[in-house]
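Participant: Numbering (this note's numbering), first residue to last: 758 to 1094.
Idealized CB from N, CA, C, for every residue including glycine.
This is the structure I have questions about; it appears just below.
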């Protein structure tokens, strides 16, 4: 069944002009907040409910998609994000009420995160921030020599999906040992990217660098806490460019402050945007590298992600199932009118 006229609501699109394809296909487009808006505050649930009221499709960013919203938006058929993560969407409720949830996993998205992950590993190991601080303070040459090597180290990857595998592929040729923990990946599959599968305890104990790339769900919620940090080497570095929910942030702060681990790089946090009073902001910036959840962002990457999301919206209009539905159990009972 196709839909010659759908109401598509884009809550906060990165590029309004790119959405013209939706209008050209005969659909109505409503923009909740355009990229030039000065407001960076999240929408309230009431605001989102008003936007979703008569919508067939919601193209959303980091907006909370709750059961009450989906239940009152009786025409809603699809919630889609122009990136990979769908953890802000209550997918169980979406399945219950018949709403498809889809993401936009372009190579530009996950390979960008993989590249930034390797870059941050090097920044930590080479202590780039410290060297820059020394230069700005007027010191030069041998007085600023610090840092180590990546070669010969053991890198532990938690989650060997597209991003974790991308990190492993980019470290090929660096003469590092690659370990991974992922209960859903076989050793045969890991061999394709030169990785040895192991259990989490062994990975934490043996790795010089631990990098998170697991999916955020009930099973992985705060899977890294005080016990896990204590299991790591005091010289180890910890990276989380996946999801803030994977890590107990209080335990992370304590581990860094007490030097249980040597340093960290984070692109995701328990609360986003990172609160102004977050204790993480007070840690030594030479050893704690923080970025505002934009490791996947690039001009070309954002354009590709949005284009894929639009492709899937238009496919729905033609009566097709969007390519990247993440709650396939919805299909027998999905809304069609």
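Among the residues of its own chain, which have a CB less than 7 Å from the CB of residue 795, if the five just before and after it don't count?
Facilitator: Translated into positions along the chain shown, residue 795 becomes position 38. Legend: pLDDT at residue 795 = 47, less than 50; position of this residue unreliable, no value from coordinates given.
Participant: Quick one: what's got a C-beta closer than 6 Å to residue 1005's C-beta in the same chain, skipping five residues either side?
Facilitator: On the chain shown, residue 1005 is found 248 positions in, with the first residue counted as 1. Within the same chain, residue 1005 has close Cβ partners 979 and 982.
Participant: With 16 other CB atoms within 10 Å as the buried threshold, where does residue 770 fall?
Facilitator: As a first step, residue 770 must be located in the chain shown, where it is residue number 13. With 16 or more other Cβ atoms within 10 Å, it is buried.
Participant: Span of the beta strand (DSSP E) holding residue 840?
Facilitator: One-based indexing of the chain shown puts residue 840 at position 83. First-last for residue 840: undefined, no H or E at that position.
Participant: Indicate the three-state DSSP secondary structure (helix, strand or coil) for residue 812 in the structure shown.
Facilitator: Walking along the chain shown from the start, residue 812 turns up at place 55. In this structure, residue 812 counts as coil in the three-state DSSP scheme.
Participant: Does any residue of chain C bring its CB to less than 8 Å from the CB of residue 873?
Facilitator: Given the protein chain composition of this structure (a single chain), no chain C is represented.
Participant: Determine the burial state of residue 762: buried for a count of at least 16 other Cβ atoms within 10 Å of its Cβ, exposed for fewer.
Facilitator: Residue 762 sits at position 5 when you count from the first residue of the chain shown. By the 10 Å Cβ count, residue 762 comes out exposed.
Participant: Applying the criterion that 16 or more other CB atoms from any shown protein chain within 10 Å of the CB defines a buried residue, is residue 1033 buried or exposed?
Facilitator: As a position in the chain shown, residue 1033 is number 276, starting the count at 1. So residue 1033 counts as exposed.
Participant: With 16 as the cutoff for other CB atoms within 10 Å, does residue 862 come out buried or exposed?
Facilitator: As a working note, residue 862 is residue 105 in the chain shown. Label assigned to residue 862: buried.
Participant: If we ignore side chains and look at the alpha-carbon of each, how far apart do residue 837 and residue 1048 end up?
Facilitator: Here residue 837 is taken as the residue at index 80 of the chain shown, counted from 1. Here residue 1048 is taken as the residue at index 291 of the chain shown, counted from 1. The alpha-carbon atoms of residue 837 and residue 1048 are separated by roughly 25 Å.
Participant: Kindly indicate the opening and closing residues of the alpha helix (DSSP H) around residue 972.
Facilitator: For the purposes of this step, residue 972 is identified with residue 215 of the chain shown, where counting begins at 1. First-last for residue 972: undefined, no H or E at that position.
Participant: With H, G and I counted as helix, E and B as strand and the rest as coil, what does DSSP make of residue 834?
Facilitator: Here residue 834 refers to the residue found at position 77 of the chain shown. It is coil, neither helix nor strand.
Participant: Could you pull out every residue in the same chain whose Cβ sits closer than 7 Å to the Cβ of residue 773, ignoring the five residues on either side in sequence?
Facilitator: Mapped onto the chain shown, residue 773 falls at position 16. Within the same chain, residue 773 has close Cβ partners 788, 791 and 792.
Participant: Go through its chain and collect everything with a Cβ distance to residue 817's Cβ below 7 Å, but skip five positions before and after it.
Facilitator: In the chain shown, the residue the question calls residue 817 occupies position 60. Within the same chain, residue 817 has close Cβ partners 768, 836 and 838.
Participant: Got a sec, what are the start and stop residues for the beta strand (DSSP E) residue 1077 sits in?
Facilitator: The sequence position of residue 1077 within the chain shown is 320, counting from 1. Premise fails: residue 1077 is in no beta strand (DSSP E) and is neither H nor E.
Participant: Can you tell me which of the three DSSP states residue 826 falls into?
Facilitator: The residue you call residue 826 lines up with position 69 of the chain shown. It is helical.
Participant: Is it the case that the Cβ atoms of residue 938 and residue 953 are separated by a distance below 8 Å?
Facilitator: Numbered from 1 along the chain shown, position 181 holds the residue referred to as residue 938. Numbered from 1 along the chain shown, position 196 holds the residue referred to as residue 953. No. Outside cutoff.
Participant: Mind checking which residues open and close the beta strand (DSSP E) that includes residue 997?
Facilitator: Looking up residue 997 in the chain shown gives position 240. Per DSSP, residue 997 belongs to the beta strand (DSSP E) from 994–997.
Participant: Across which residues does DSSP place residue 929 in a beta bridge pair?
Facilitator: Locating residue 929 in the chain shown gives position 172, counting from the first residue. Residue 929 pairs with nothing; no bridge assigned.
Participant: Give me the DSSP bridge partner(s) of residue 1111.
Facilitator: Nothing can be reported for residue 1111: it is not among the residues displayed for the chain, which extend from 758 to 1094.
Participant: Got a sec, what are the start and stop residues for the beta strand (DSSP E) residue 786 sits in?
Facilitator: Residue mapping note: residue 786 aligns to position 29 of the chain shown, counting from 1. Segment 785–788, the beta strand (DSSP E) holding residue 786.
Participant: If you follow the alpha helix (DSSP H) that residue 1018 is part of, which residue opens it and which one closes it?
Facilitator: The residue labelled residue 1018 in the question sits at position 261 within the chain shown. Careful: residue 1018 lies outside any alpha helix (DSSP H) and carries neither H nor E.
Participant: Can you tell me the Cα-Cα spacing of residue 985 and residue 1072, whole angstroms?
Facilitator: As a working note, residue 985 is residue 228 in the chain shown. As a working note, residue 1072 is residue 315 in the chain shown. Straight-line Cα distance between these residues: approximately 45 Å.
Participant: Find the nearest neighbour of residue 841 within the set 936, 1050, 878 and 1091, judged by alpha-carbon distance.
Facilitator: Position 84 of the chain shown holds residue 841. For residue 841, the nearest C-alpha among the options comes from 1050.
Participant: Do residue 935 and residue 912 have their beta-carbon atoms positioned less than 8 Å apart in this structure?
Facilitator: For this step, residue 912 is matched to residue 155 along the chain shown. For this step, residue 935 is matched to residue 178 along the chain shown. For residue 912 and residue 935, yes; Cβs fall inside 8 Å.
Participant: Could you name the residues of the same chain whose beta carbon sits closer than 6 Å to that of residue 780, not counting the 5 residues immediately before and after it, in chain order?
Facilitator: One-based indexing of the chain shown puts residue 780 at position 23. Excluding residues within five positions, the ones whose Cβ falls inside 6 Å are 786.
Participant: Please state the DSSP three-state secondary structure of residue 1129.
Facilitator: Look at the range of the chain in this structure, 758 to 1094, and you will see that residue 1129 is not part of it.
Participant: Can we say the segment 911–930 touches the segment 942–953, given the rule of at least three CB pairs closer than 8 Å?
Facilitator: Counting Cβ pairs under 8 Å, three or more are found: they touch.
Participant: From 1011, 760, 932 and 1057, pick the residue whose C-alpha is nearest to that of residue 833; which is it?
Facilitator: Reading the chain shown from its first residue, position 76 is the one you call residue 833. Checked all of 1011, 760, 932 and 1057; the closest Cα to residue 833 is 760.
Participant: Looking only at its chain, what residues have a beta carbon closer than 6 Å to the beta carbon of residue 919, apart from the 5 residues adjacent to it on each side?
Facilitator: Residue 919 sits at position 162 when you count from the first residue of the chain shown. Cβ neighbours of residue 919 beyond the five flanking positions: 867.
Participant: May I have the straight-line CA-CA distance separating residue 930 from residue 908, to the nearest angstrom?
Facilitator: Position 173 of the chain shown, counted from the start, is the residue given in the question as residue 930. Position 151 of the chain shown, counted from the start, is the residue given in the question as residue 908. Computed Cα separation, rounded: 9 Å.
Participant: If I measure Cβ to Cβ from residue 869 and keep anything under 6 Å in the same chain, skipping five residues before and after, which residues do I get?
Facilitator: Counted from its first residue, the chain shown places residue 869 at position 112. Only 1053, 1055 and 1058 meet the Cβ criterion.
Participant: For residue 1004, name the three-state secondary structure that DSSP assigns.
Facilitator: In the chain shown, residue 1004 corresponds to position 247, counting from 1. It is a strand residue.
Participant: Does the beta-carbon of residue 820 have 16 or more other beta-carbons within 10 angstroms, so that it is buried, or is it exposed?
Facilitator: Within the chain shown, numbered from 1, the residue matching residue 820 stands at position 63. It is buried - the Cβ of residue 820 has at least 16 other Cβ atoms within 10 Å.
Participant: By alpha-carbon positions, which one of 813, 884 and 1019 ends up nearest to residue 1093?
Facilitator: Counting from one through the chain shown, the residue named residue 1093 turns up at place 336. Out of 813, 884 and 1019, 813 has the C-alpha closest to the C-alpha of residue 1093.
Participant: Which class does residue 763 belong to by DSSP, given the choice of helix, strand or coil?
Facilitator: One-based indexing of the chain shown puts residue 763 at position 6. If DSSP states are grouped into helix, strand and coil, residue 763 belongs with coil.
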